[in-house]
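Chemist:
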Amino acid sequence: MQISSLYDAESGPWNRQLASLVQFVRHHGERRITSDSCRRLARLTPEQLRVPGVSLLVATVRGQHGRQLSGISFVSGYGKESCLVAVHPYHRSKHTGTALLIAQLQRLGSLECYVASDNSASLKMCFNAGLVAVSLRNGPTGKPTLLLRSPQSTGCNNLLPVNDEAQSDKPITSQEGELLCRNPS
Numbered sequence: 012m013q014i015s016s017l018y019d020a021e022s023g024p025w026n027r028q029l030a031s032l033v034q035f036v037r038h039h040g041e042r043r044i045t046s047d048s049c050r051r052l053a054r055l056t057p058e059q060l061r062v063p064g065v066s067l068l069v070a071t072v073r074g075q076h077g078r079q080l081s082g083i084s085f086v087s088g089y090g091k092e093s094c095l096v097a098v099h100p101y102h103r104s105k106h107t108g109t110a111l112l113i114a115q116l117q118r119l120g121s122l123e124c125y126v127a128s129d130n131s132a133s134l135k136m137c138f139n140a141g142l143v144a145v146s147l148r149n150g151p152t153g154k155p156t157l158l159l160r161s162p163q164s165t166g167c168n169n170l171l172p173v174n175d176e177a178q179s180d181k182p183i184t185s186q187e188g189e190l191l192c193r194n195p196s
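As numbered in the numbering used here, residues 12 to 196 make up the sequence shown, in order.
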């Protein structure tokens, strides 16, 4: 599997490439991608890809007829505006989505996304990529939805949340309901 930025890839005109990616997301997104994220992707321009916090990555595999698309990840506003991942069914459970999210984290430095609590596959992908859950709210469809963030943007160190008392001689203890962070490395 190869992960690359679509903007860096050399193939075909932009509008045709983008249309095929939007179609891929609609076909393989399992109706879990928000319409707002699909619209943002459909309206994406090459100039917007130069804006900090915006990234479009594709995962491809070598097939009989050359490189074939196996997954896509689009992030806008470091995930605050849009964060989507869609993977072809043949390439699921092979860490394609996780690899795309890890590549987004490496590229952007920080990332956040919302995932419905009943979407166990996407939650697993996010946790495998090192994202941590920081809050719960009702999503656009009324479902409980988790906000996940990269550890460096949550204020977490190896095991416990960073707080002002951490600098004193008092032992650090966690309280019920506090976020316990893990070191992703």
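C-beta atoms are modelled at their ideal positions from N, C-alpha and C, and glycine is treated no differently.
For residue 76, count the other beta carbons within 10 Å of its own beta carbon; 16 or more makes it buried, fewer makes it exposed. Which is it?
Modeler: Exposed is the call here.
Chemist: Determine whether the beta carbon atoms of residue 33 and residue 52 lie at a separation below 9 Å.
Modeler: Yes; because the gap between Cβ atoms is below 9 Å, this pair is in contact.
Chemist: Based on Cα-Cα distance, which residue from 151, 115, 97 and 90 lies nearest to residue 83?
Modeler: Closest by alpha carbon: 97.
Chemist: Residue 103 by DSSP, collapsed to three states: which one?
Modeler: Residue 103 falls in the coil class under three-state DSSP.
Chemist: Can you tell me whether DSSP reads residue 162 as helix, strand or coil?
Modeler: Three-state result, residue 162: helix.
Chemist: Let's test the definition: count the other Cβ atoms within 10 Å of the Cβ of residue 115 and tell me whether it reaches 16, buried, or not, exposed.
Modeler: So residue 115 ends up on the buried side.
Chemist: From residue 150 to residue 126, what distance separates their C-alpha atoms?
Modeler: Approximately 8 Å between the Cα atoms of the pair.
Chemist: Quick check on the DSSP output: the alpha helix (DSSP H) that includes residue 26 runs from which residue to which?
Modeler: Unbroken alpha helix (DSSP H) run through residue 26: 25-39.
Chemist: Label residue 162 either buried or exposed according to how many other C-beta atoms from any shown protein chain fall within 10 Å of its C-beta, with 16 as the threshold for buried.
Modeler: Buried: at least 16 other Cβ atoms inside 10 Å.
Chemist: Would the beta-carbon of residue 31 fall within 9 Å of that of residue 80?
Modeler: Contact: yes.
Chemist: Run the CB neighbour count on residue 90, radius 10 Å, all protein chains shown included, and call it buried at 16 or more, exposed below.
Modeler: Residue 90 is buried by the Cβ-count criterion.
Chemist: Applying the 10 Å Cβ sphere with the 16-neighbour rule, what's the burial state of residue 147?
Modeler: Burial call: exposed.
Chemist: Per DSSP, residue 149 is paired with what?
Modeler: According to DSSP, which records beta bridges pairwise, residue 149 is partnered with 155.
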